[in-house]
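J.: Take the sequence shown: its letter number 283 is residue 282 in numbering that gives the first Met the number 0, and every next letter is one higher.
Okay, here's the structure, questions in a sec.
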Amino acid sequence: MNQCDLIVIGGGPAGAAAAIVAARAGVRVVLFEKGPHGRDKVCGDGLTPRAVAALEELKIDLSPAHRIDGLRMIAGKKTRELAWPTTDRFPNHGAVWPRHRFDTHLIDVAIESGADVHFECEALPELEGDRVVGVRAGGESWRAPLTVLAAGAQGAAAKLLGAERDPNEPFGLAIRAYAPTPRHAERHLEACLSLRDEHGTPVPGYGWMFPAGDGTVNIGVGALSTMKGFKKLNLNTLLDQYAAIVREPWGLGGYLDKPRAWRLPMSCVRRSGPGWLAVGDAAGFVNPMNGEGIDYGLESGMLAVEQFLANPATAPAVYDQLVGERFDSFLRTGRRFSFLIGHPWLLKPGLRIAVGTQAAADITLAVMGNLVDSRTPGAAGTVLKVADGALRLADPLLRRTRAAA
Ligand SMILES: Cc1cc2nc3c(=O)[nH]c(=O)nc-3n(C[C@H](O)[C@H](O)[C@H](O)COP(=O)(O)OP(=O)(O)OC[C@H]3O[C@@H](n4cnc5c(N)ncnc54)[C@H](O)[C@@H]3O)c2cc1C
0 MNQCDLIVIG
10 GGPAGAAAAI
20 VAARAGVRVV
30 LFEKGPHGRD
40 KVCGDGLTPR
50 AVAALEELKI
60 DLSPAHRIDG
70 LRMIAGKKTR
80 ELAWPTTDRF
90 PNHGAVWPRH
100 RFDTHLIDVA
110 IESGADVHFE
120 CEALPELEGD
130 RVVGVRAGGE
140 SWRAPLTVLA
150 AGAQGAAAKL
160 LGAERDPNEP
170 FGLAIRAYAP
180 TPRHAERHLE
190 ACLSLRDEHG
200 TPVPGYGWMF
210 PAGDGTVNIG
220 VGALSTMKGF
230 KKLNLNTLLD
240 QYAAIVREPW
250 GLGGYLDKPR
260 AWRLPMSCVR
270 RSGPGWLAVG
280 DAAGFVNPMN
290 GEGIDYGLES
300 GMLAVEQFLA
310 NPATAPAVYD
320 QLVGERFDSF
330 LRTGRRFSFL
340 IGHPWLLKPG
350 LRIAVGTQAA
360 ADITLAVMGN
370 LVDSRTPGAA
380 GTVLKVADGA
390 LRLADPLLRR
400 TRAAA
């Protein structure tokens, strides 16, 4: 039996952030990652200004990342190029940092800070009654007062804890590849909001071109489960169709690797319990309106350990409450919104509004940059509060009339 202070399951951004904060505070933290050192993660590699703020808080050197100054939104024939806004909470720039390098950098910082990291080692929670007492990993038992579930989109570890996706809530699927482009050093992300599937049906989701500054662009498409025909949607075909649209303007070469797809969890029925709590994707912290979750993962990982440092016994409950105050209303609004845009007849006019005027585009930008939450002042925050109220009233109707069966 091995004893430590804190166990982390998963070495993505959420788990690494938790391990960094804990190790720096002198906590004996052990992290288990089932992939090898330097494992890749299927992702768009986009770091929002919110993610940059979290990385700065973690004192991560961002110089290896490719700086991004804003977002170009394309909806039909309309294009709007906007700079990330200056706010008092987040910097006015984001970044693109390919996950293979980004995650390796973060986990290396955790190791340098003193975390004991075990690669190629799957960990599964061990329970005594309803309390998580540690994990079973590499044929051994590990014990700690708190276990942090940072295992990404829900799998075997989440299942043991009842921390699964809510089957009544939407989720996303997305696919990405890398391709060479002469425009790799551009400082704007590009998002095409008017995607259509092979039958011409508008897809609630978007196609992205995220220039990585290293000769390549991360190209991908993502879709929400709220659309009719989602189960039959072929992401490879959707990606190829999108690549055909951007090939000429981007001087795009062929894919450098086989396109890979992964899930975007947007809900979680239970994210804490005695002796454990969930962070990042494991807790369903992905913005339903853009599929981004690195920033929420970093923030929730840090917040979890701050609560552990304050009081290990109350950490799960206090964390659950704090993280709920920070994210729940925004994510709930996003999920309800995704039922709305699952209807093609609402998606089309919605897009026209989203980029139609400068004021609307600014709000869309704030949403796409994960810059909005319950603490956001100004127009975007007000719109969120109003939308939250209106969509709450409409919730039963939205679910009854959802496009996806
Ligand atoms: C195609 C795609 C594009 C995306 N683009 C963006 C984007 O541009 N920007 C953005 O912010 N977000 C994006 N996201 C979402 C983003 O990838 C996730 O929100 C983010 O990776 C969450 O980090 P995490 O640490 O919670 O989980 P992960 O990064 O998934 O890390 C979880 C880790 O846990 C490990 N693990 C799992 N189970 C176990 C176990 N039992 N024992 C040990 N280890 C285990 C896994 O191997 C993995 O390394 C995208 C997602 C997809 C699918």
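All C-beta atoms, glycine included, are put in the ideal place defined by N, C-alpha and C.
No experiment lies behind these values; they were computed from the predicted model shown.
Can you give me the C-alpha to C-alpha distance between aspartate 4 and leucine 276, rounded to a whole angstrom?
T.: 14 Å
J.: With C-beta atoms as the reference, is valine 134 less than 8 Å away from alanine 122?
T.: yes
J.: Have a look at Phe284, Val147 and Arg246 and flag the residue whose alpha-carbon is nearest the alpha-carbon of serine 266.
T.: Phe284
J.: Is the closest heavy atom of ligand 1 to the C-beta of lysine 40 under 7 Å?
T.: yes
J.: Inspect the beta-carbon positions of methionine 301 and arginine 142 and report whether they are closer than 8 Å.
T.: no
J.: Taking glutamate 189 as the reference, give the member of Thr146, Ile73, Leu397 and Asp60 with the closest Cα.
T.: Minimum Cα-Cα distance from glutamate 189 among the listed residues Thr146, Ile73, Leu397 and Asp60 corresponds to Ile73.
J.: Going by DSSP in three states, isoleucine 293 sits in which element: helix, strand or coil?
T.: helix
J.: With three or more C-beta pairs closer than 8 Å as the rule, is the region 169-181 touching the region 206-219?
T.: yes
J.: Which of helix, strand or coil does DSSP assign to tyrosine 241?
T.: helix
J.: When you compare only the Cα positions, how much space is there between leucine 396 and leucine 345?
T.: 15 Å
J.: Classify alanine 360 as buried or exposed, calling it buried when 16 or more other Cβ atoms lie within 10 Å of its own Cβ.
T.: Under this definition alanine 360 is a buried residue.
J.: Could you tell me if the beta carbon of phenylalanine 326 falls within a distance shorter than 7 Å of some heavy atom in ligand 1?
T.: no
J.: For threonine 215, which of Gly368, His65 and Gln357 has the nearest alpha-carbon?
T.: The shortest Cα separation from threonine 215 among Gly368, His65 and Gln357 belongs to His65.
J.: Do you know whose CA, among Ala312, Asn286, Gln357 and Phe338, lies nearest aspartate 327's CA?
T.: Asn286
J.: If we count the other Cβ atoms within 10 Å of its Cβ and call it buried at 16 or more, is alanine 402 buried or exposed?
T.: buried
J.: Taking 8 Å as the cut-off, decide whether the C-beta atoms of histidine 92 and aspartate 68 are in contact.
T.: yes
J.: Quick one: measure Cβ to Cβ for alanine 293 and proline 12, integer angstroms, because I've assumed they're closer than 8 Å.
T.: Note on identity: in this sequence residue 293 is isoleucine, with alanine being the wrong assignment. About 5 Å; that satisfies the 8 Å criterion.
J.: Proline 264 by DSSP, collapsed to three states: which one?
T.: coil
J.: If you run the structure through DSSP and keep just helix, strand and coil, what is threonine 225?
T.: coil
J.: Just checking, does the region 76-96 make contact with the region 37-49 on the three C-beta pairs under 8 Å criterion?
T.: Contact holds: three or more Cβ-Cβ distances are below 8 Å.
J.: DSSP on glutamate 168, reduced to helix/strand/coil?
T.: coil
J.: Is glutamate 163 a contact residue of ligand 1, with contact defined as CB to any heavy atom under 7 Å?
T.: no
J.: Between leucine 47 and ligand 1, is there a pair consisting of the residue's CB and a ligand heavy atom that are separated by less than 7 Å?
T.: At residue 47 the sequence reads threonine, which differs from the leucine that was named. Correct: threonine 47 has its Cβ closer than 7 Å to ligand 1.
J.: Per the DSSP calculation, asparagine 91 is bridged to which residue(s)?
T.: For asparagine 91, which the question treats as bridged, DSSP gives no partner whatsoever.
J.: If you follow the alpha helix (DSSP H) that glutamate 111 is part of, which residue opens it and which one closes it?
T.: 98-112
J.: Enumerate in chain order the residues of its own chain whose CB-to-CB distance from valine 7 is below 6 Å, with the five nearest sequence positions on each side excluded.
T.: Gly14, Ala17, Ala18, Leu30, Val147 and Ala149
J.: Would you kindly report the start and end of the unbroken alpha helix (DSSP H) that includes proline 48?
T.: 48-56
J.: Ligand 1 and glutamate 185: does the residue's C-beta get closer than 7 Å to at least one heavy atom of that ligand?
T.: no
J.: Pick from Arg259, Thr363, Ala389 and Val385: whose alpha carbon is nearest that of arginine 79?
T.: Thr363
J.: Hey, how far is the Cα of aspartate 319 from the Cα of arginine 88?
T.: 22 Å
J.: Going by alpha carbons, who is nearest to arginine 100 out of Arg398, Lys40 and Gly368?
T.: Lys40
J.: If we ignore side chains and look at the alpha-carbon of each, how far apart do isoleucine 244 and glycine 250 end up?
T.: Computed Cα separation, rounded: 11 Å.
J.: Under 8 Å between the Cβ atoms of tyrosine 205 and leucine 192?
T.: In this structure, leucine 192 lies closer than 8 Å to tyrosine 205 by Cβ.
J.: Taking only three categories from DSSP, how would you classify isoleucine 340?
T.: coil
J.: Would the beta-carbon of aspartate 294 be found less than 7 Å away from any heavy atom of ligand 2?
T.: Ligand 2 is absent from the structure shown, which contains only ligand 1.
J.: Check the DSSP bridge columns for valine 405 and list the partner residues they point to.
T.: Coverage of the chain is limited to positions 0 through 404, which leaves residue 405 absent and any answer about it impossible.
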